[in-house]
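Quick notes on the structure that follows.
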Amino acid sequence: MRLVLVGPPGAGKGTQAQFLAAHFSIPHISTGDIFRANLKAGTDLGNQAKSYMDRGELVPDSVTNEMVRDRLTHDDVANGFLLDGFPRNVAQAEVLRAILADKKTPLHAVLEFSLANEEIIARLSARRTCRDCGAPSVGVDKCPTCGGEVYQREDDKAEVIARRLEVYAEQTAPIISFYRNEGLLISVSAAGNVEDITASAISALSRVAQ
Ligand code: AP5
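The opening residue of the sequence shown carries number 131 in the working numbering; numbering runs sequentially from there.
Set out below in structure tokens:
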């Protein structure tokens, strides 16, 4: 299964990606997580990405595309992958299509999560993130997954959330029609409880996986 998740910030892509990646036995590749891991490690890539991320802007395509191109050469993608947070504009979608065409391994599906802005703002404002494992949580002092320290992401502050929503509408939403035209788009509501959303997504994806 070669799969892309798309949806507004805070729709629950990362939360659902964990379950979907486990269900289909494929690696979860989150460009946001790769940038944050590089930031934590103090690499050049992390330092380059930081100012864009903190403002809610996209990291330049030249940086992001090469990072994904490299990640898709790793052995663990031989049986598929789940891309979360990439592509994020039509230019990135075209680069991904070209990378996969070269390898003769096209996408099977693009799963779109949709959610109303009020719910997005509520989820992101309440979210805390683990410094160690990156897992999201709400209303706890320690990470429920690994016990690590939790913090509020710079881009989960109110003014940056607003900018991320604008960037999504202006730059990322156009990839929905791009993938609909390619016949790859599957849309699932991201409202409701986590387990029900996972079940809807797996049911929709099972039809393409056959
Ligand atoms: P990235 O990390 O990709 O952020 P994002 O797309 O804005 O997504 P989030 O991680 O904020 O949310 P999510 O949809 O994964 O939701 P989550 O599961 O955590 O990108 C960050 C930045 O990196 C970008 O702004 C950009 O600067 C840069 N970047 C990354 N990729 C790039 C690219 N391709 N090109 C250029 N720049 C790029 O859930 C949110 C909260 O809701 C959590 O607290 C969770 O517990 C809770 N929750 C989840 N599901 C439910 C539910 N069903 N009910 C109630 N609460 C729920």
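Here a beta-carbon is modelled for each residue, glycine too, at the ideal position from N, C-alpha and C.
Just so it is clear, the structure is predicted and the values come from calculations on it, not from any experiment.
Candidates the options, of which the one nearest residue i by Cα
{"i": "residue 187", "options": "308, 276, 294", "result": "294"}
{"i": "residue 145", "options": "261, 158, 310", "result": "158"}
{"i": "residue 327", "options": "149, 133, 220", "result": "149"}
{"i": "residue 221", "options": "231, 282, 195, 234", "result": "195"}
{"i": "residue 204", "options": "320, 179, 183, 233", "result": "233"}
{"i": "residue 323", "options": "182, 249, 210", "result": "249"}
{"i": "residue 225", "options": "308, 334, 332", "result": "308"}
{"i": "residue 299", "options": "211, 177, 245", "result": "245"}
{"i": "residue 134", "options": "329, 310, 321", "result": "310"}
{"i": "residue 301", "options": "208, 333, 219", "result": "219"}
{"i": "residue 202", "options": "237, 178, 170", "result": "237"}
beta-carbon residue i near the ligand AP5 non-hydrogen atom, thresh 7 Å
{"i": "residue 183", "result": "yes"}
{"i": "residue 216", "result": "yes"}
{"i": "residue 317", "result": "no"}
{"i": "residue 187", "result": "yes"}
{"i": "residue 352", "result": "No statement about residue 352 is possible, as the shown extent of the chain runs from 131 to 340 and does not include it."}
{"i": "residue 210", "result": "no"}
{"i": "residue 261", "result": "no"}
{"i": "residue 327", "result": "yes"}
{"i": "residue 165", "result": "yes"}
{"i": "residue 144", "result": "yes"}
{"i": "residue 227", "result": "no"}
{"i": "residue 253", "result": "yes"}
{"i": "residue 223", "result": "no"}
{"i": "residue 294", "result": "yes"}
{"i": "residue 235", "result": "no"}
Three-state class that DSSP yields for residue i in the structure shown
{"i": "residue 161", "result": "helix"}
{"i": "residue 91", "result": "Absent from the structure is residue 91, since the part of the chain shown begins at 131 and ends at 340."}
{"i": "residue 266", "result": "strand"}
{"i": "residue 295", "result": "helix"}
{"i": "residue 218", "result": "coil"}
{"i": "residue 141", "result": "coil"}
{"i": "residue 239", "result": "strand"}
{"i": "residue 193", "result": "helix"}
{"i": "residue 332", "result": "helix"}
{"i": "residue 204", "result": "coil"}
{"i": "residue 188", "result": "coil"}
{"i": "residue 234", "result": "coil"}
Cross-strand partners of residue i (DSSP beta bridge)
{"i": "residue 281", "result": "259"}
{"i": "residue 300", "result": "Answer by DSSP bridge pairing: none, since residue 300 is not bridged."}
{"i": "residue 132", "result": "211"}
{"i": "residue 244", "result": "319"}
Test: residue i CB closer than 8 Å to a CB of chain C
{"i": "residue 142", "result": "Looking at the structure shown, chain C is missing, and only one protein chain is on hand."}
message: Below 8 Å, how does it come out for the region 240 to 260 and the region 173 to 192: are there three or more Cβ pairs, yes or no?
response: Contact check between the region 240 to 260 and the region 173 to 192: fewer than three CB pairs, one atom from each, fall below 8 Å, which does not count as touching.
query: Below 8 Å, can you find three or more Cβ-Cβ pairs linking the region 153 to 170 to the region 212 to 230?
result: Verdict: yes, contact present.
message: Would you call the region 135 to 152 in contact with the region 252 to 263, where contact means no fewer than 3 C-beta pairs closer than 8 Å?
response: The region 135 to 152 is in contact with the region 252 to 263.
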